[in-house]
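Input: a single structure, listed below in structure tokens.
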Amino acid sequence: MTFTQDVWQRNAALFQATLNLPFNRELADGTLNQVAFCHYVIQDAHYLEVYGRAMAVCAAKAADSAQILQFLAHAREAVEVERQLHGGFMQQFGITAAQYRNTPLSAACHHYTSYLLATAWSESYPVVVAALLPCFWIYAEVGKDICTRSVAGNPYQAWIDTYSGEEFHEAVHKVLSLTDTLAAEADVATVAKMHATYTTAAKLEWQFWHSAYQQRQWGDLDNVDNPHK
């Protein structure tokens, strides 16, 4: 069994829970609250900028020039998608540049991006790749699932098409192949760390969508009586 087969099997229940999130179910049937979607788009744009930075750090740690170029390309693509959100979904749904600038990272987005940057700077190359993998892989699989269930005339179809397209899936397969190669060459302790960082990032993927549906902001943490509400 390859590393990616193993890590997917270990986290299968978490992936199913991600598919079952109200955000993703309602996105597929076109009933998702537009305010929740706009909250998600703003946070996703913030996230992608930091994700691009983390991949640039990953590129600096890469084992050879081909892998350096691979992750630099992924970093550029993340930033380009972040810019496209401004010219595409944000304009479509009436999100102004000022609204984006003045909206801070949600707690979930801050947690996820901080984790990725800290991992990128502090861990070894294989472990960093494993931490970055869920954003590629889970997004692709969620997008593919939503695409099969999307209703005709779905107002969110353009987003669905972005993450279920062949070009994005090709990039995912390249990262999966590289991850398996790195895990096969790594020692037992490194592989264990790769599993741990992947699982943490996968949990943060779940939290990101859940937080968007709830439209969570930092002020929500003031509810000390029931902080998990």
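Numbering (the working numbering), first residue to last: 28 to 256. Yeah, the Cβ is synthetic: ideal placement off N, Cα and C, and Gly gets one too. Only a predicted model underlies this, so the values are computations on that prediction, with no experimental measurement involved.
From the DSSP output, in three-state form, read off residue i for me.
i	result
Tyr67	helix
Arg243	coil
Met28	coil
Tyr183	coil
Glu197	helix
Ser151	coil
Val202	helix
Asn47	coil
Gly114	helix
Asp33	helix
Ser177	coil
Leu59	coil
Thr140	helix
Asp172	helix
Pro161	helix
Thr130	coil
Ala89	coil
Leu41	helix
Ala213	coil
Tell me where the alpha helix (DSSP H) around residue i begins and ends.
i	result
Ile122	From DSSP, Ile122 is part of no alpha helix (DSSP H); its letter is neither H nor E.
If you count every other CB in all the chains shown that lies within 10 Å of the CB of residue i, and 16 or more means buried, which is it?
i	result
His101	buried
Ser177	buried
Leu96	exposed
Glu193	exposed
Trp148	exposed
Met28	exposed
Trp245	exposed
Asn38	buried
Thr123	exposed
Pop quiz: residue i and residue j are said to be a contact at Cβ under 8 Å. What is the actual Cβ separation, rounded to whole angstroms?
i	j	result
Val156	Leu209	6 Å
Are there three or more Cβ pairs, one per stretch, closer than 8 Å when the region 203-213 is compared with the region 80-87?
-> no
Do three or more CB pairs link the region 229-241 to the region 134-147 at distances below 8 Å?
-> yes
The region 117-137 / the region 67-85 touching (three or more Cβ pairs under 8 Å) = yes
Do the region 156-166 and the region 218-230 touch if we need at least three Cβ pairs shorter than 8 Å?
-> yes
Decide yes or no for the touch test of the region 39-51 against the region 123-135: beta carbon pairs closer than 8 Å, at least 3 of them.
-> no
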